[in-house]
Amino acid sequence: MKLLNVGLPGQETPCLLDSNNRIRSLEGVCDVISSDFLANDGLQALKNLDVDSLPIIEKPDRIGAPLLNPGKIIAVGLNYDEHIKETGGKQQDEPVLFTKAVSALSGPFDLIERPKGATQVDWEIELVVIIGKPARYISEDDAEAHIAGFCTGIDVSERYFQKSRSGQWLKGKSADTFAPIGPYFVTLDEFKQYQSCAVSLDVNGKRMQASNTDTMIHSVKKLVSYINEFMSLQPGDLIFTGTPEGVGLGMNPPQFLKAGDKVVAEVEGLGAQQHNVVDYSA
Ligand SMILES: O=C(O)C/C=C\CC(=O)C(=O)O
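One point on numbering: in full-length UniProt numbering, the residue at position 138 of the sequence shown is 138, and numbering is uninterrupted.
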């Protein structure tokens, strides 16, 4: 099943994408697709639905993030060899984890806003895991039982804030609009190929990132289990699984986003996002 939320921020309603890629409303059938929806076994309630009877939405006002109100966003750094090389780093003994503020969440066609004082806003296409069931100290073998599905995401990053403002990476990873996800969330039963899908990102029509999740250093199952060593996971929690090579920081000279740029990002099978970049204005 492909699930999405449609509507202006704060007024989203639940929808699904049918087999002809038409958006159909789930209003009155279930609540908005959110951490509460997953915690309340919302996916189970959608089984045996008569999709053809659901009203079609021809022109949605806006497509929102396909999972609202995540309790936390955990992200993985340096999870592809070529990306480690381009940043001049070396592989760490264990996965690198950081958080992104939940207020960074945004929709798949929303603006990416360069925060006040930003000079080095960078792109990072990523496969995003959506947790479906509570998880505590689970093994890699059990990880899939706790995954609801996947979506496309961009780990937008302000490199100066991340690397030169002291302390943890989260300073550069958390501005509003820095975690766009969607356009839809594909449930695990329809997306078993998560460890073998193409990922790409273009800036102003030029391909910057092109890789495949089969080159991740730490697999999705490993990451879910590894994160669980340090914290429990709850329905709706998001895991950004790391970006491959081709970020602006790795270019010579480095290249960053400026107002007016256009970013297109896609994980194969999970849909494409498109964003215009603007500067923060009060
Ligand atoms: O130079 C570093 O220390 C790391 C720079 C970028 C890595 C990153 O942000 C990631 O998510 O991976």
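Yeah, the Cβ is synthetic: ideal placement off N, Cα and C, and Gly gets one too.
From a predicted model like this one, the values you see are computed outputs, not experimental measurements.
- Contact check between the segment 77 to 92 and the segment 228 to 246: three or more CB pairs, one atom from each, fall below 8 Å, which counts as touching.
- Between G269 and L67, the beta carbon gap of about 17 Å keeps them out of contact (Cβ cut-off 8 Å).
- Between V128 and H218, the CB-CB gap reaches or exceeds 8 Å.
- Checking the DSSP bridge columns, you'll see D122 partnered with S157.
- Here the C-alpha atom of D18 lies approximately 28 Å from the C-alpha atom of A210.
- Residues of the same chain with a CB within less than 6 Å of the CB of V278, apart from the 5 flanking positions on each side, are L111, E113, A259 in chain order.
- For the pair V220 and T187, the CB atoms are not nearer than the 8 Å cut-off.
- Spanning the alpha carbons of E86 and M216 requires a straight line of approximately 15 Å.
- Straight-line spacing of the CA atoms in V121 and P134 works out to 34 Å.
- In the structure shown, Q162 falls within a helical segment according to DSSP collapsed to helix, strand and coil.
- Straight-line measurement puts the Cα of Q273 at about 19 Å from the Cα of I57.
- Setting aside the 5 residues that flank it on each side, R62 is surrounded in the same chain by L8, each with a C-beta closer than 6 Å to its C-beta; the list follows chain order.
- Selection V203, L201, P14 evaluated against P60 yields P14 as nearest (Cα-Cα).
- In the DSSP assignment, K206 falls within the unbroken beta strand (DSSP E) covering 206 to 212.
- By the criterion of a C-beta distance shorter than 6 Å, L257 is surrounded in its chain by V121, V277, once the five residues flanking it on both sides are discounted.
- In the displayed model, I227 falls within a helix according to three-state DSSP.
- The continuous beta strand (DSSP E) containing L97 extends over residues 96 to 100.
- In this structure, ligand 1 has no non-hydrogen atom nearer than 7 Å to the beta-carbon of W123.
- Residue A175 holds the alpha-carbon nearest to the alpha-carbon of K116 among G205, L233, A175, Y184.
- Cβ-Cβ distances below 8 Å link S103 to S174, D176 in the same chain, with the five nearest sequence neighbours on each side left out; the list follows chain order.
- Considered as a whole, the segment 217 to 269 harbours 238 to 240, 262 to 267 as its complete beta strand (DSSP E) runs of no fewer than 3 residues, in chain order.
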